[in-house]
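Protein chains: 2
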Amino acid sequence: MNIQKLLADRTRKMSVNTIREILKVVSQPGMVSLAGGIPAPESFPIDILKILTQKVLEKYGPSALQYDPTEGFSPLREALPGYLAAKRGIQAKPKDILIASGSQGVLDAAGKIFISRNDPIAVEAPTYLGALQAFDPYEPRYVTLVSDAYGLVPESLEEVLAREPIKFIYLVPTFQNPTGRTIPLERRRHIADIIQIHDALLIEDDPYGDLRYSGQALPVIKTLAPEHVIYVSTLSKVFAPGLRIGYYLAPKKIRDWLVMVKQGVDLHTSTFNQALAAEYIQGGYLEQHLPHIIELYKPRKDAMLGALQRYFPEGFTWSKPEGGMFVWVEGPENYDMQELYHRCVQQNVAFVPGKFFYSDPEVGNHTMRLNFTMADEATIDGAVKKLAEIIAAPHV
Amino acid sequence: MNIQKLLADRTRKMSVNTIREILKVVSQPGMVSLAGGIPAPESFPIDILKILTQKVLEKYGPSALQYDPTEGFSPLREALPGYLAAKRGIQAKPKDILIASGSQGVLDAAGKIFISRNDPIAVEAPTYLGALQAFDPYEPRYVTLVSDAYGLVPESLEEVLAREPIKFIYLVPTFQNPTGRTIPLERRRHIADIIQIHDALLIEDDPYGDLRYSGQALPVIKTLAPEHVIYVSTLSKVFAPGLRIGYYLAPKKIRDWLVMVKQGVDLHTSTFNQALAAEYIQGGYLEQHLPHIIELYKPRKDAMLGALQRYFPEGFTWSKPEGGMFVWVEGPENYDMQELYHRCVQQNVAFVPGKFFYSDPEVGNHTMRLNFTMADEATIDGAVKKLAEIIAAPHV
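Protein chains in written order, with the working numbering: chain G, 78 to 473; chain D, 78 to 473.
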């Protein structure tokens, strides 16, 4: 049948996700990949899950398998405040916390309730690709904020808010994907002031906050400007991403809209998985397991930074994250990282060219994202060394 | 902060879901509710789930907890063809089957890829409310098809397709929610012919197909016009709704769009729950458990139809479904079912006024939806009797 005539205007503008295609290539056998963006399978608490599944079926019985309110499973909403207070300094009541099908679900819902076609929204450059994918179907106009090695430059935000009726700002302030950068305290305060002065709305996406391997935790911007921030986080990095449990705290007047559109999208997030998450937190398992995840990743991060230092040529610089999953490498100006990518894949080592993380397709081709959670230290060392060799090799 | 200025145009038009509010009222203690639309908790295979959870963690290990392709977990896509061939007469390969977070996820994705503002889409009157909720944010113009006791009247579809550039038709052909009606074979054939002649797209939503208590299964329209139908179904009624596992088969040219927008919405459906579903089907548990669900619901359906026959006054008529979860009652012309609803709730018995299932707010106030899956036979008999007494009672 003729499908073209049936497509919505927004659909005609969509294109296949390039990073998705890259990840298919790099999952081929024999490939050493620093391209992924996912937790190590050995970080998953499988033995704990064997206990939790039985516990949930005993404790909640059919309620864990039944339809449930869109807002979230009550025991999970009751378990989260203690964790958020201890780990993020967020004071919240269960009714303040809403559950989503991964953070992605919140980003889609926010796009749906805020973005009319051509509405300006402000994003970092580079930014999290999944956020662009969530927002794209609502056809926003992306306004790019300036970032440096310390993340978003507050003056850039101020200038944009003074100039444009921005619907919302989207930021990953801590261990950002793709750069690994963290916005320091002084800038967080400055950003909180700016959004309050301009009565602007910030979506603060914080999937990696708990994955800190050194240094001091910083306050989330939500605590500095509570009425102007939708704080979004997930259990994907500290429990298991395959369970698809995200959560968020939104200013009161926004909550009902977000819940209403989520209801139209999936009715609610898996009750069973929410029950597992509730028991994981409430039973003290998260507190017990998180140090193991950190112990697993810290030496991998150190191995990657050490290898970059040892092997990478002059003219290349990279971020030095204290946590998260990624290191961001910048080559010399005008360096062609896509060309390098193709040479590397032929030699079975992969990364993600950084240009895919920019809303502007014309910039960022001298950058790359490296992931350090999916391979052990020796593999990381070998892969970074090989990358350096391919960079140094003469090519036709 | 000022939220109004931030809302998208589509959001300003949204209103609180009335049925959601009704369900809150009727879940109060002491209420005998025929208002629900959900499976009986005693229909859930809890003991089987205790086995499956351990099996999945042993068999798949970390893969059951990891990020997974948007298309769906391979073992589930491999398990479904045998089931679909046996139960629905659908011949499909694993790659033809895509997984969603409940059927709802498919409806949202279809809305997103097909509907531009004011595009006409064709729906039955009454129709499934959740579908309207999925489509509403994309701001379609609903074109109403004519239905009678045998469901959609094919001539009405023909007339609409000849007149309007309909983006898609949405139908629940079997044991429809809210009416319980099933479109007979001859009409299915006619509908299949019409959509092929007009090169139109049908979304065939089939959540209740397996819940047949008497009579012969009918072919799904997908098998009669395979290239013109997106066939959508779910494991919510035969496994557990809290796991949020839906699946669908779409014409080849549409698949990539549906997968792409789903990726932006939730990345993928819970891997763990998909693994549970795969083992539930592959291990023969579905086949073993489904007869228990049917044995549970059949006498409840019979109890409701018997009680309506015994107690309801002249001038009221109702559907006589051979399966599903609902009976549809029509009162005399101009009967005020909302007024009746308020009197009934005061006396602790509840139903859903039928008017909420119409896209046109001006029609359907003489109708009601009764659910028979959530109460036992004696409770159903008592509730229907009480409804009849309240109908008969003089009121001020």
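We put the beta carbon where it would ideally sit given N, CA and C, even for glycine.
Being a predicted model, the structure only gives us computed values, none of them experimental.
| message | Just checking: is the beta-carbon of D:S151 within a distance shorter than 7 Å of some beta-carbon in chain G? | response | Here residue 151 of chain D is taken as the residue at index 74 of the second sequence, counted from 1. So no, D:S151 is outside the interface.
| Going by the beta-carbon positions, is the gap between G:I192 and G:P231 smaller than 7 Å? | If you number the first sequence from 1, residue 192 of chain G lands on position 115. If you number the first sequence from 1, residue 231 of chain G lands on position 154. Contact annotation: G:I192 and G:P231 have beta-carbon atoms that are not nearer than 7 Å.
| said: For chain G, check one thing: does any of its Cβ atoms lie closer than 7 Å to the Cβ of D:R377? | reply: Position 300 of the second sequence holds residue 377 of chain D. False, the Cβ-Cβ gap to chain G never drops below 7 Å.
| field | Start-to-end residues for the beta strand (DSSP E) that takes in G:T256 | value | The count along the first sequence starts at 1 and reaches residue 256 of chain G at position 179. It is not in any beta strand (DSSP E) - G:T256 carries neither H nor E in the DSSP assignment.
| query | Terminal residues of the continuous alpha helix (DSSP H) containing D:D185? | reply | Looking up residue 185 of chain D in the second sequence gives position 108. Residues G179 to F191.
| field | D:Q359 Cβ short of 6 Å to the ligand MG heavy atom set | value | Of ligands this structure carries none, so the ligand MG is not represented either.
| field | Neighbouring residues, chain G, relative to D:S193 (Cβ below 8 Å) | value | Your numbering for residue 193 of chain D matches position 116 in the second sequence. The answer, in chain order, is A85, D86 and R87.
| query | Cβ of D:L126 less than 7 Å from any chain G Cβ? | reply | Against the second sequence, residue 126 of chain D aligns to sequence position 49. True, the Cβ-Cβ gap to chain G drops below 7 Å.
| message | Taking its Cβ as the centre, do 16 or more other Cβ atoms sit within 10 Å of G:I167, making it buried, or is it exposed? | response | Position 90 of the first sequence, counted from the start, is the residue given in the question as residue 167 of chain G. Counting every other CB atom within 10 Å of its CB across the protein chains shown gives G:I167 a total of 16 or more, marking it as buried.
| request: Measure the C-alpha to C-alpha separation of G:G323 and D:K397 and round it to an integer number of angstroms. | output: As a working mapping, residue 323 of chain G is identified with position 246 in the first sequence. As a working mapping, residue 397 of chain D is identified with position 320 in the second sequence. If I take the Cα positions, the gap works out to 43 Å.
| Hey, does D:M78 have any beta-carbon neighbour from chain G nearer than 7 Å? | Residue numbering aside, residue 78 of chain D sits at position 1 when the second sequence is read from its first letter. Yes, its Cβ sits closer than 7 Å to a Cβ of chain G.
| query | Does the beta-carbon distance from G:I123 to D:L129 come in below 7 Å? | reply | One-based indexing of the first sequence puts residue 123 of chain G at position 46. One-based indexing of the second sequence puts residue 129 of chain D at position 52. No, Cβ-Cβ distance for G:I123 and D:L129 is not below 7 Å.
| task | With G:D282 as the anchor, note down where its alpha helix (DSSP H) starts and where it stops. | result | As a working mapping, residue 282 of chain G is identified with position 205 in the first sequence. Looking at the DSSP string, G:D282 is not in any alpha helix (DSSP H); the run it does join, the beta strand (DSSP E), is L279 to D282.
| field | Candidates D:E148, D:V223, D:P217 and D:A452: closest to D:G182 by CA position | value | The residue given as residue 182 of chain D occupies position 105 in the second sequence. Answer by Cα proximity: D:E148.
| task | Please name the residues in the segment 330-347 of chain D whose beta-carbon is closer than 8 Å to at least one beta-carbon of chain G, in chain order. | result | If you check each beta-carbon in the segment 330-347 of chain D against every beta-carbon of chain G, the ones closer than 8 Å belong to K330, I331, D333, W334, M337, V338, Q340, G341, V342, D343, L344, H345, T346 and S347.
| task | Note down, in chain order, every chain G residue with its Cβ under 8 Å from the Cβ of D:I115. | result | Residue 115 of chain D sits at position 38 when you count from the first residue of the second sequence. Close partners of D:I115 in chain G (Cβ separation under 8 Å): Q143 and Y144.
| said: Using the Cβ count rule (16 or more neighbours within 10 Å means buried), how would you classify D:H305? | reply: Locating residue 305 of chain D in the second sequence gives position 228, where the first residue counts as 1. Looking at its Cβ environment, which holds 16 or more other Cβ atoms inside 10 Å, D:H305 is buried.
| Are the CB atoms of G:R420 and G:I467 nearer to each other than 7 Å? | Numbered from its first residue, the first sequence carries residue 420 of chain G at position 343. Numbered from its first residue, the first sequence carries residue 467 of chain G at position 390. It is a contact, given that the beta carbons lie within the stated cut-off.
| said: Which residue marks the beginning of the beta strand (DSSP E) containing G:A199, and which one marks its end? | reply: Sequence index remark: in the first sequence, residue 199 of chain G carries index 122 (1-based). DSSP places G:A199 in the uninterrupted beta strand (DSSP E) bounded by P197 to E201.
| query | What does a CB cutoff of less than 6 Å around G:R264 pick up in its chain, not counting 5 residues either side in sequence? | reply | By 1-based counting over the first sequence, the position of residue 264 of chain G is 187. Cβ neighbours of G:R264 beyond the five flanking positions: P231.
| field | Option nearest G:I246 by Cα separation, candidates G:S233, G:G257 and G:P255 | value | As a first step, residue 246 of chain G is located in the first sequence; it is residue number 169 there, counting from the start. Closest in alpha carbon position to G:I246, among G:S233, G:G257 and G:P255, is G:S233.
| query | chain G beta carbons: is any one of them nearer than 7 Å to that of D:T130? | reply | Taking the second sequence and counting its residues from 1, one reaches residue 130 of chain D at position 53. Answer yes: the Cβ-Cβ gap between D:T130 and chain G drops below 7 Å somewhere.
| Contact list for G:K172 against chain D, beta-carbon separation under 8 Å | Sequence index remark: in the first sequence, residue 172 of chain G carries index 95 (1-based). By Cβ distance, chain D contributes nothing, its closest Cβ being about 14 Å from G:K172, past 8 Å.
| query | Taking the alpha helix (DSSP H) that G:M445 falls in, what are its first and last residues? | reply | Here the question's residue 445 of chain G lines up with position 368 in the first sequence. Element bounds for G:M445: not the alpha helix (DSSP H) but the beta strand (DSSP E), T444 to N448.
| request: With a threshold of 16 other CB atoms inside 10 Å of the CB of D:G400, please say whether the residue is buried or exposed. | output: Here residue 400 of chain D refers to the residue found at position 323 when the second sequence is read from its first residue. Label assigned to D:G400: buried.
| Cα separation between G:A239 and G:I280? | Position 162 of the first sequence holds residue 239 of chain G. Position 203 of the first sequence holds residue 280 of chain G. Distance between the alpha carbons of G:A239 and G:I280 is about 18 Å.
| query | In chain G, which residues lie less than 9 Å from D:P158 when you measure between Cβ atoms? | reply | As a working mapping, residue 158 of chain D is identified with position 81 in the second sequence. Result: empty, since nearest Cβ-Cβ is about 23 Å, beyond 9 Å.
| said: Please return the same chain residues whose Cβ sits closer than 7 Å to the Cβ of G:I457, not counting the five positions on each side in sequence. | reply: Within the first sequence, residue 457 of chain G is the residue found at index 380, counting from 1. Here the set comprises R377, A380, M381, A384 and F449.
| task | To the nearest angstrom, report how far apart D:L111 and G:S347 are at their CA atoms. | result | Counted from its first residue, the second sequence places residue 111 of chain D at position 34. Counted from its first residue, the first sequence places residue 347 of chain G at position 270. About 25 Å.
| task | Report buried or exposed for G:A355, applying the criterion of at least 16 other Cβ atoms within 10 angstroms of its Cβ. | result | Within the first sequence, numbered from 1, the residue matching residue 355 of chain G stands at position 278. When all chains shown are included, G:A355 counts as buried.
| task | Take the Cβ of D:S178 as the centre, count every other Cβ of all protein chains shown within 10 Å, and call the residue buried at 16 or more, exposed below. | result | Translated into positions along the second sequence, residue 178 of chain D becomes position 101. Answer is buried; the Cβ neighbour count reaches 16.
| task | May I have the straight-line CA-CA distance separating G:Y144 from G:V342, to the nearest angstrom? | result | Reading the first sequence from its first residue, position 67 is the one you call residue 144 of chain G. Reading the first sequence from its first residue, position 265 is the one you call residue 342 of chain G. In a straight line, the C-alpha of G:Y144 is about 14 Å away from that of G:V342.
| query | Are the CB atoms of G:V404 and G:L335 nearer to each other than 7 Å? | reply | Sequence index remark: in the first sequence, residue 404 of chain G carries index 327 (1-based). Sequence index remark: in the first sequence, residue 335 of chain G carries index 258 (1-based). Contact flag unset, no.
| Any Cβ of chain G within less than 7 Å of the Cβ of D:A211? | The residue you call residue 211 of chain D lines up with position 134 of the second sequence. Interface criterion met: the Cβ of D:A211 is under 7 Å from a Cβ in chain G.
| request: Give, in chain order, every residue of the segment 236-257 of chain D whose Cβ lies closer than 8 Å to some Cβ of chain G. | output: Answer set for the segment 236-257 of chain D: P242, K244 and F245.
| query | Hey, how far is the Cα of G:Y362 from the Cα of D:Y308? | reply | Reading the first sequence from its first residue, position 285 is the one you call residue 362 of chain G. Reading the second sequence from its first residue, position 231 is the one you call residue 308 of chain D. Approximately 41 Å between the Cα atoms of the pair.
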